[in-house]
Each structure stands twice: as structure tokens, then as C-alpha cells.
Amino acid sequence: MIYSATIQNKLDVFAIRKQFPVLNREVKGKPLVYFDNAATTQKPQSVMDVLVDYYSGYNANIHRGIHTLAEEATAAFELSRDAVQKFINAASREEIIFTKGTTESINLVAYSWGRQNIKAGDEIIISTMEHHSNIVPWQILCQEMDAVLKIIPVNDHGELLMEEFEQLLSAKTKLVSIVHVSNAMGVVNPVDKIIESAHKAGAVVLIDGAQSTVHLDIDVQEMDCDFFAFSAHKFYGPTGIGGLYGKKQLLESMPPFLSGGEMIKEVSFDGTTYADLPYKFEAGTPNIADTIALKAAIDFINQIGKENIRRHENELLAHATAQLREIEGLKIIGDAQNKISVVSFVVDKVHPQDLGILLDNAGIAVRTGHHCTQPLMQRFRIPGTVRASFAVYNTKEEIDVMVTSLRKAIKMLL
Amino acid sequence: MNGSRTIEATENEIVEEFSLFDSWDDKYEYIIDLGKKLHPLDEKYKIDENRVRGCQSTVWLTADYENGKIFYKADSDAVIVKGLISMLIRVLSGQEPDKIIKANLDFIKEIGMMSHLAQTRANGLLSMVKQMKNYALAYKLKNAN
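Chains as they are written, first to last, in the working numbering: chain A, 756 to 1169; chain B, 17 to 161.
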């Protein structure tokens, strides 16, 4: 890393913006303001360059190939695994399984670990603020196994009710699957405490890191989670690539999720033996190009330093929150103390969709709707919110543009 | 309502009105105004079977059949959508089922709405058109029997 955590570097946003070509474009005749980073971040040139380099220089199917291109591609692919291992501080590289992203990672655990370990009457705990991808796989599993899904409620600030969680825990609890940072509100959950309590009850813990990986320092060993799921496209990497971290002994005990090539040791019609970790869970030709480019995204983050990124994003969040609070009739959904990079809000008598359309007309990309968290919207009795989510390349000036456009939109709509 | 006016004539009228606007700000202002003026739908019609699927906001649509013509009533919790519905009602309400079924509704494209709206919202608009045509088709079939 170039920066140490203690050096208070002022981040050069304009130098960073130059690395993101898309930020130069106009939308509806106005300069793009991209505040939909929680959905997906934009990609730096370095990530795109790797994709082009791969396809124009050493495209080949990886592993097993004996020719030079295959060796180069395999080496680059496996370097990405090492980069991810370091990025989230896993104990070994075998604990990093490449998947399409968070959704596939959660499904992998639900199908492989879940069907092996969940029995009738067992309980799985999730929370009200989960993304649908951390709800539906468990609903399906519970239906199939006759298990019970328990939900941790949230308070009016969007924080988990920890006492309720402690009460839900019992000897029946087999799994706790919790989002690290809420995609709809930006609330950071006390995962250390959750993991500690869940482990005391003998449960396995999966952390949905889709939103957290880009902002927080992730140390899966210190956190002591059993599984950690993430998507590269939420941290400046390509779409269609992400991963699952799992503790080695857990992954070793689990049956394959998908089967086919790459995941086998030997195949005969009398029986098949499976490959060692991580390949047991990586059936078929993987997404080679995007996996290789994933490393460039990690390099991009490490060059700036997560500490610096976080400081910048916290300033943006504080600025946005203060500006938005000035607007009459506007209510922030999820005003917890511990938040990161996301501000979600509703305005009295105004539908979020109307605000979304008018902000788009001003060149501002925000997300409106339920953010794939319908139970959370039901909890707050709202049809959806307007969500602005910030990244390293955003500026306070952009927030001011949004706030001005928002005021104008509300005036038009009321 | 506009009993003798053709669908095309009303479409042309709307296209002409939109040609007066210089910017999308003005167009939206006009659409929002239409939305605010749309007669609110009686609560008894705001039921699940009148909901139009495929919209991010909630849209209710119902239709009456009188003297061989269809009259639409609709509402939404989002005002821009309401404005768009208001235009569709202006064009299609009071027309015969056959004419509604065959209507091209090119005005939606001509006022730039299709290219301006994000895909998901444009799909919502098309869902509304489809639902209006479905009503026309249903009344036509009912009449034929």
C-alpha cells in the first residue's frame, strides 16, 4: 500500500476522476452526476485496459493447458485469487471461490452447505434489511427442509434490534446470514457482535459483503465469519465476477454446488472424485477476463487506500445529509449513527419515481424504488426511497447540484 | 367527451402543444400539471384487479362502456405517470373499441417520451397502453357475443 492508515492525505478527486472516462459524458444535455454507486460503481481505465490486454494478448482457457497463452492466462487468473485473499485477509488462497457475484455466492452456500446441514425444525436467522438475494435462497431452503426463517427487526433509525437478535438465538439456530452494510440505507451492522453471539449458540455465520467491501477494511479472520460474499462490480471491478470466502474446513466438508469440468479429480462411470479447493466449487470455464481485471480494481483501491476513500466518502455523506435535512418534508430513511456512503430519503406527498425522473432530466443518476429490499420498505411503510450513493470520484459540488435540482423538482411536483 | 374527434386528431393536437416547449423542463412541467388535474379515481376502483403491472409506481385503470364507446378512468400515486395517463385518456377515451385497438399512438414517440424515459419507465408506459387496448378488446369480444 502506498498510504499508511495514519497519514491524512487529502485525496485528489480530480486526478481520480480522470481515470473514469464515463464521468466526462453528458446526460440529457447536462454533465453526468453519478450517484448510483451502491448499484454498481464506474470502472477506472486500468480495469478496462486489463480486459482489452487479456483478449488481445493472452486469451486462452485456463488450467490444464500446456501452451504459453494458457499458462499466462492461468497465472494472471490465479494472481487475482491471491489479490482477493490479501484484500479480505483470508488465511489461505484455497478459501477464495470465484463466483458471478454475491447472489451466486449466497446460493452456493444455501444449496451446498444448506442442504447438507439444515434439517427439519432448524432455524436460520436473517434481518428485515436484507437484500432479496439474502432472503429468497433461505426461504427456498427452509421450505424444502421444513426449517424456520427468523427475522431480526430494525428500529426507526434502521438499526438492528440486537436484544431481539440475542433472543432469537438458540440451539436450533444453524445459520445467521446478515448484510454487513445495508444497500438501501447505508447502515453498518455490528457484525463482530453478531458473529460472536451466533458462534456461542453454535451457528454458522454468512456475511453479505456486497456493499461493505468497497468501503470498509475487510479482515475475515479477525471478523471470524464463516462465509463472506462479495461482488467486484461494486468496488470498481467488472460485472459478472465476485467471490465467496469460506473457512477451509467448512468448504472441504461441503459437496459441490455446480458440477462439470474443472471441478473433478477423476471421472469414470463407476464414480467421480472431486478436485481440491477452490476448484471443487469452480465448475466449467470461469469468467477469466473479468477475474483477471478484478485484480486491477483491487490495485486501484489499494493505491488510494481505503482509509482515504472512507474519509472522502464520509465527508460527502455528511455534506449530503446536512444539505438534505434542510429540505422541508424530506425524511432520511436510516439515520443510524454508523453509516457509510448511502443516503436514502422520501419526501412528503412526492413519489420517489417522480423525483427520479426529474433528477435524471438534470443529468443526475440516483436510484428510486425498493432497492430489492421490499420487507424493509414495508417496515417503514413506504413504496420506496430515492437513494444517492457515493464513491471515491464524487464531489461536494455534485451533491450541491443534486440538492438544487431536488429542490426544483419538489417545487414542480407539489 | 370528444365524441366525433378522431384519435389521430387528438394525437396531432398534443404533438403541436409539445412543439411549443423548448426544454424537457417545460415538458415535464406541463405533464405534471396534467397529472395534478386528472380527476382522482374513486377509492373503490383502487383494487388489485385494476392495477397495471409493470409500473414502478402504482397505476389503476378502469373503463366504462357506453353507447359503443369506451371511457377510461385512471389514477396513480406518482404524478408524472398520472400526467402520461391523462394524455392517453385524452386520446383514447370516448373512442370505439376497434379504433382503440388499431391506434398506433405515434404521438408518444413524436413528443420524445419513449427516448427520454428510462427503459423501465418506458415499459410502464407501454403496459398502460396495452392495458387500455385490452379493455377495448374485452368490450369488443363481449359485444360480439
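In this text, a Cβ means the ideal position worked out from N, Cα and C, and glycines have one as well. These numbers come from a predicted model, not from an experiment.
**Asked** Taking buried to mean at least 16 other C-beta atoms within 10 Å of its own C-beta, is residue 761 of chain A buried or exposed?
**Response** Working through the first sequence from its first residue, we reach residue 761 of chain A at position 6. No answer about residue 761 of chain A holds up, because its pLDDT of 42 lies below 50 and its placement is not dependable.
**Asked** If you scan the segment 1015-1086 of chain A from start to end, which runs of the alpha helix (DSSP H) of 4 or more residues do you find wholly inside it?
**Response** 1043-1059, 1061-1080
**For residue 44 of chain B, the first and last residue of its enclosing alpha helix (DSSP H)** = As a position in the second sequence, residue 44 of chain B is number 28, starting the count at 1. Segment 40-53, the alpha helix (DSSP H) holding residue 44 of chain B.
**Residues bridged to residue 95 of chain B (per DSSP)** = Indexing the second sequence from 1 puts residue 95 of chain B at position 79. Residue 95 of chain B pairs with nothing; no bridge assigned.
**Request:** Indicate whether at least one CB of chain A lies closer than 7 Å to the CB of residue 45 of chain B.
**Result:** In the second sequence, residue 45 of chain B corresponds to position 29, counting from 1. It does; some Cβ of chain A falls within 7 Å.
**Item:** Given residue 49 of chain B as reference, the closest of B/103, B/32, B/77, B/115 once Cα atoms are compared
**Value:** Position 33 of the second sequence, counted from the first residue, corresponds to residue 49 of chain B. Comparing Cα positions, the closest option is B/103.
**Prompt:** Are residue 809 of chain A and residue 1082 of chain A closer than 7 Å when you measure CB to CB?
**Reply:** Taking the first sequence and counting its residues from 1, the one referred to as residue 809 of chain A is at position 54. Taking the first sequence and counting its residues from 1, the one referred to as residue 1082 of chain A is at position 327. Contact flag unset, no.
**Request:** Check the Cβ-Cβ distances between residue 963 of chain A and every residue of chain B, and say whether any is below 7 Å.
**Result:** Here residue 963 of chain A is taken as the residue at index 208 of the first sequence, counted from 1. Not one chain B Cβ lies under 7 Å of residue 963 of chain A.
**Asked** Would you say residue 814 of chain A and residue 886 of chain A are within 7 Å of each other, going by their C-beta atoms?
**Response** Residue mapping note: residue 814 of chain A aligns to position 59 of the first sequence, counting from 1. Residue mapping note: residue 886 of chain A aligns to position 131 of the first sequence, counting from 1. No, Cβ-Cβ distance for residue 814 of chain A and residue 886 of chain A is not below 7 Å.
**Request:** For residue 1080 of chain A, I'd like the list of residues in its chain whose CB is within less than 8 Å of its CB, leaving aside the five on either flank, ordered along the chain.
**Result:** Taking the first sequence and counting its residues from 1, one reaches residue 1080 of chain A at position 325. If we look at residue 1080 of chain A and ignore the five residues flanking it on each side, its Cβ neighbours are 1087.
**Request:** Return no unless some Cβ of chain B is closer than 7 Å to the Cβ of residue 1168 of chain A.
**Result:** Taking the first residue of the first sequence as position 1, residue 1168 of chain A is located at position 413. So, interface residue.
**Message:** Excluding the 5 residues flanking residue 873 of chain A on each side, which residues of the same chain have their C-beta closer than 8 Å to its C-beta?
**Reply:** By one-based count along the first sequence, residue 873 of chain A stands at place 118. Cβ neighbours of residue 873 of chain A beyond the five flanking positions: 879, 896, 897, 900, 902, 929, 930.
**Prompt:** Would DSSP call residue 797 of chain A helix, strand or coil?
**Reply:** Counting from one through the first sequence, the residue named residue 797 of chain A turns up at place 42. Here residue 797 of chain A sits in coil by DSSP.
**Request:** May I ask you to list the residues that DSSP assigns as paired with residue 999 of chain A?
**Result:** Here residue 999 of chain A is taken as the residue at index 244 of the first sequence, counted from 1. A/852, A/984, per the DSSP bridge assignment.
**Message:** With a threshold of 7 Å between beta-carbons, can residue 792 of chain A be considered close to chain B, or not?
**Reply:** To locate residue 792 of chain A, count along the first sequence from 1; it is residue 37. It does not; no Cβ of chain B falls within 7 Å.
**Asked** With a CB to CB cut of under 6 Å and the five nearest residues on each side skipped, what residues in its chain are close to residue 956 of chain A?
**Response** By 1-based counting over the first sequence, the position of residue 956 of chain A is 201. Around residue 956 of chain A: 924, 928.
**Asked** Between which two residues does the alpha helix (DSSP H) carrying residue 1111 of chain A extend?
**Response** Taking the first sequence and counting its residues from 1, one reaches residue 1111 of chain A at position 356. Its alpha helix (DSSP H) spans residues 1107-1116.
**Item:** Exposure label - residue 1037 of chain A; buried when at least 16 CB within 10 Å
**Value:** Taking the first residue of the first sequence as 1, we reach residue 1037 of chain A at position 282. Label assigned to residue 1037 of chain A: buried.
**Request:** Output the boundary residues of the alpha helix (DSSP H) element that contains residue 923 of chain A.
**Result:** Numbered from its first residue, the first sequence carries residue 923 of chain A at position 168. Element bounds for residue 923 of chain A: 917-923.
**Item:** Alpha-carbon spacing of residue 105 of chain B relative to residue 1166 of chain A, whole angstroms
**Value:** Taking the first residue of the second sequence as 1, we reach residue 105 of chain B at position 89. Taking the first residue of the first sequence as 1, we reach residue 1166 of chain A at position 411. Going from the Cα of residue 105 of chain B to the Cα of residue 1166 of chain A covers about 26 Å.
**Asked** Which residues in the same chain have their Cβ closer than 8 Å to the Cβ of residue 17 of chain B, if we skip the five residues on either side of it in sequence?
**Response** Locating residue 17 of chain B in the second sequence gives position 1, counting from the first residue. Caution is warranted here: a pLDDT of 48 is assigned to residue 17 of chain B, below 50, making its placement in the model unreliable, and no coordinate value can be reported.
**Item:** Below-7 Å beta-carbon distance, residue 1119 of chain A vs any chain B residue
**Value:** Counted from its first residue, the first sequence places residue 1119 of chain A at position 364. For residue 1119 of chain A, the answer is no, since every Cβ of chain B falls outside 7 Å of its Cβ.
**Item:** Local Cβ density within 10 Å of residue 1139 of chain A, reported as buried at 16 or more and exposed below that
**Value:** Counting from 1 along the first sequence, the entry for residue 1139 of chain A is found at position 384. Per the 10 Å Cβ criterion, buried.
**Asked** What separation, rounded to the nearest whole angstrom, lies between the Cα atoms of residue 758 of chain A and residue 128 of chain B?
**Response** In the first sequence, the residue the question calls residue 758 of chain A occupies position 3. In the second sequence, the residue the question calls residue 128 of chain B occupies position 112. Unreliable placement is indicated for residue 758 of chain A, whose pLDDT of 45 sits below 50; no coordinate value is reported for it.
**Asked** Got a sec? Which residues, its chain only, sit under 8 Å from residue 1072 of chain A by beta carbon, not counting five neighbours each side?
**Response** On the first sequence, residue 1072 of chain A is found 317 positions in, with the first residue counted as 1. So the qualifying residues of the chain are 941, 1094, 1095, 1096, 1097, 1098, 1145.
**Request:** Within its chain, find whatever has a CB closer than 8 Å to the CB of residue 1033 of chain A; leave out the 5 residues flanking it on each side and keep chain order.
**Result:** Working through the first sequence from its first residue, we reach residue 1033 of chain A at position 278. Excluding sequence neighbours, residue 1033 of chain A sits near 836, 848, 849, 850, 851, 852, 853, 1006.
**Limits of the beta strand (DSSP E) - the one that residue 961 of chain A falls within** = Locating residue 961 of chain A in the first sequence gives position 206, counting from the first residue. Start and end: 959-963.
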